[in-house]
Every structure is written in structure tokens, then in C-alpha cells.
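Residue numbers (mature numbering (1 follows the signal peptide of the UniProt record, and there is no 0)): -17 to -1, 1 to 220.
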């Protein structure tokens, strides 16, 4: 009888130890956020207390070399694949393949043949057994290797930044039926869009375009979900 009790205690201790080790080894959630066309000097030209608070608690890279060409699609696919454009295949915003006679354009980009040269993070994390999400990130709605992120929404400029953040927050928190995703990518087309229309040196227009950037980290975006990124989720901007 004593032997049975000891074995039972040891099994319980072993189970708790395994659970604790699993929790310790489990990586933290990661959120990758892109504000397209964000120039380095915007940090000096415009007040952004919330953004400055975020990077003051982490790391601010002083210098970065873009992928050539400096277009949205090549650079954003490099960010999630770790490859130069000539290796991942997205060389420009407009392309033509003389072999297949296929055309690529930012409004006609869903053919997997353009994207299958590389695996983005939301696919690589799936291979490791983690759920992933992508909010309007270039290429995220494309079936790459016959797969997509666990959750994604195709690009729609009518969806506001707050709505995008709300969806990503829900995906990261999860619910009773499904665990939260371990990796999420969030894309916002400003200030790039306004920069092309008004010019990046137009302080009035750019200040308006950067309002969403300045609001990042504000509790109002995460109040309903009780998720404060600076406290729970590591974030890369």
C-alpha cells in the first residue's frame, strides 16, 4: 500500500514538473507591426510619446538598409522570410514572367507561383506546431505551399487601424475553444499612402497620417481584451 502511495506521489510530482518545464520552454507570443513608409526622421519631427515608450523599454535600431528595390512588397516579404528579393522572388510591385506569361500587380497578387520561392514566418511557425495570424500583410492571403496562416484577412484599405488591432488582439488572446496564436503580423499602409500623395515633407498632412502610429500602445485599443502589448506581448515595429 505504501509503495502504491509513493508511486502515486511521484507520478503527480513528475506531471507537475513536466507541466512547469513545458511552460518555461514555451516561447513568448510575438507581434510584428509595420507602418509602411515610416521614415526615421518622423521620430524627431512629430511627437510620439506612446511609440517612444515602447522602444525605450526595448531596442531602437539606429540604422537600417532597405532591400532593393525600396518598394512595399519586396521589403515586407523580406521581413517575414529573412531573404533578399532575388531569393524570395517578389522583386517589384509589378512583374511579368516570360515563361508562364503571368503578370503580377499589387492588385493582382494571389497566384501562389510568385510566392512559393520562400516560406514566411506564419508558415514556418505552423511547421513548429504553433497557430499564426496575419492582418493584411503582403502575401498573407496567398496559399503558400497550399497553406495560409491560421487566421488572416486579405488587404482592404477600408478596414481601420483600430479594427485591425482589434482582430489581432482577439487572435492573440484566443478563447475557451482555441489557444491564442504565437505569431501575428499586422500591416498598416500609413504613412506611406499619404507620403505618396502629399510628400513626406508636408508636416500638416504627415502629422495627420501618423495619428494611428502615435496611438499605438494606448490602452483604448486593448481595453476590451485587457491586453497591453508592452506588458504581455513582445513587439517588433
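Note that CB positions come from ideal geometry on N, CA and C, so glycine has one too.
Ranges of the beta strand (DSSP E) found wholly within the region 84 to 120, counting only runs of at least 3:
85 to 88 and 115 to 118
Tell whether a beta-carbon distance below 8 Å holds between residue 265 and residue 127.
An answer regarding residue 265 cannot be provided, because it is not within the stretch -17 to 220 covered by the chain.
Are at least three pairs of beta-carbons, each pair with one atom in the region 52 to 68 and one in the region 126 to 145, less than 8 Å apart?
no
Below 8 Å between beta carbons: does that hold for residue 51 and residue 76?
Walking along the chain shown from the start, residue 51 turns up at place 68. Walking along the chain shown from the start, residue 76 turns up at place 93. No. Outside cutoff.
Enumerate in chain order the residues of its own chain whose CB-to-CB distance from residue 83 is below 7 Å, with the five nearest sequence positions on each side excluded.
Numbered from 1 along the chain shown, position 100 holds the residue referred to as residue 83. Excluding residues within five positions, the ones whose Cβ falls inside 7 Å are 96.
Give the secondary structure of residue 50 by DSSP, where H, G and I count as helix, E and B as strand, and everything else as coil.
On the chain shown, residue 50 is found 67 positions in, with the first residue counted as 1. Note: residue 50 maps to coil in three-state DSSP.
Would you mind reading off the limits of the alpha helix (DSSP H) that contains residue 253?
Given that the chain is displayed from residue -17 to residue 220, the structure contains no residue 253 and the question cannot be resolved.
Confirm, please, whether the CB-CB distance from residue 172 to residue 24 is below 8 Å.
Translated into the one-based positions of the chain shown, residue 24 becomes position 41. Translated into the one-based positions of the chain shown, residue 172 becomes position 189. Taking 8 Å as the Cβ cut-off, residue 24 and residue 172 do not qualify as a contacting pair.
Status (buried if at least 16 other CB within 10 Å, exposed otherwise) for residue 141
As a first step, residue 141 must be located in the chain shown, where it is residue number 158. Classification of residue 141: exposed, given that the 10 Å Cβ count is below 16.
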